[in-house]
Every structure is written in C-alpha cells, then in structure tokens.
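To convert a position in the sequence shown, counted from 1, into this note's numbering, add 140.
Every residue, glycine too, gets a C-beta built ideally from N, C-alpha and C.
Worksheet: the structure to be examined is printed underneath.
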Amino acid sequence: GIVGDGVKLWLYDAELEQVTVKPLGDVIAGTPAALLAGDNAIEKYFSLKNAGEGDGLEWLEATPKAKDTTFERIRMGFKGDVLVQMELFDFFGQRTTLKLSNFARNPSIAPSRFTFTPPKGADIIGE
141 GIVGDGVKLW
151 LYDAELEQVT
161 VKPLGDVIAG
171 TPAALLAGDN
181 AIEKYFSLKN
191 AGEGDGLEWL
201 EATPKAKDTT
211 FERIRMGFKG
221 DVLVQMELFD
231 FFGQRTTLKL
241 SNFARNPSIA
251 PSRFTFTPPK
261 GADIIGE
C-alpha cells in the first residue's frame, strides 16, 4: 500500500512486512504527481513552456529541474482549463500517454484516508 499525508510517503510491502517512509517532496520531485499536486510544486520542480496547439488541445511542456528523474519531459494537454491528457517521455525514448476523464480538482476527501499506522511487527525504514 502507498499513503501520502502531505508531508511523508509511506510504502508498505506486506510480503516483507516492511514500511519505508520518505519525505513526500523528495519522492514526487520530477514526477507527474508533482504536476498534479498543486501548491507551487510545478514551479519548484519543473521548467514550463507553452507547447502550442495540437489534437484540439492547448499543450504545456514541463521539463524536470532535477537531473535524477525518470522523465525527460512531460506534456500536458488542456481543453480550456481542464487537464485531459498527459504524455510522459522517458530517457529511453518511450512515450506513455495518459487520458484523464472525470478529473476532479480538489475533491473533498476525509483526512482519515491519508493516515497510515504501520502494522504491529513491521520493520520501519527511513523514520
């Protein structure tokens, strides 16, 4: 299981009975999750440029500022102000396309869904 509480990311491996805890910012820097995180994560972790129009969408291109990321660049396609498509380009020349539907920005979610209590007996790494 993976749980993020806004400060830390908890990764639980049930088979190993092991929990790894990392600062959330370190984990999401340079990933598509940082682009969707809101706040100032985009400007902090990416250089942005307008990539024009194509396929009926307005495109924005994000290049990670950190050099140790998985992605070379990420293109985001908007219809109006709604993000409907992301294209992820990795350093091996692979392109992954994500099409977003029913995208809800800042939905109300119970805070309890973002808490994690490690199971009894689990090894905790990184705390």
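Original post:
From Gly220 to Leu197, what does the alpha carbon distance come to, in whole angstroms?
Top reply: Roughly 8 Å separates the two Cα atoms.
Original post:
Identify the residues that DSSP records as bridge partners of Phe211: which are they?
Top reply: Asp230
Subject >> Proximal residues to Lys205 (C-beta, below 7 Å), its chain only, five neighbours per side dropped >> reply: Tyr185, Phe186 and Ser187
Original post:
What is the DSSP secondary structure of Pro259, reduced to helix, strand or coil?
Top reply: coil
Subject >> Member of Arg215, Phe232, Phe256 and Asp230 whose CA lies at the smallest distance from the CA of Val224 >> reply: Arg215
**OP:** With Pro172 as the anchor, note down where its alpha helix (DSSP H) starts and where it stops.
**Re:** Per DSSP, the unbroken alpha helix (DSSP H) holding Pro172 starts and ends at Pro172 to Leu176.
Original post:
Can you tell which of Phe256, Gly261, Phe211 and Glu227 has its C-alpha closest to the C-alpha of Ile142?
Top reply: Phe256
Subject >> Nearest-angstrom Cα separation, counted from Arg213 out to Phe229 >> reply: 5 Å
Subject >> Range covered by the beta strand (DSSP E) that runs through Ala154 >> reply: Premise fails: Ala154 is in no beta strand (DSSP E) and is neither H nor E.
**OP:** Tell me whether Arg235 sits in a helix, a strand or coil according to DSSP, three-state version.
**Re:** strand
Original post:
If you count every other CB in all the chains shown that lies within 10 Å of the CB of Gly217, and 16 or more means buried, which is it?
Top reply: buried
Subject >> Where Pro324 sits in the DSSP three-state scheme >> reply: With the chain running from 141 to 267 in the structure shown, residue 324 is simply not present.
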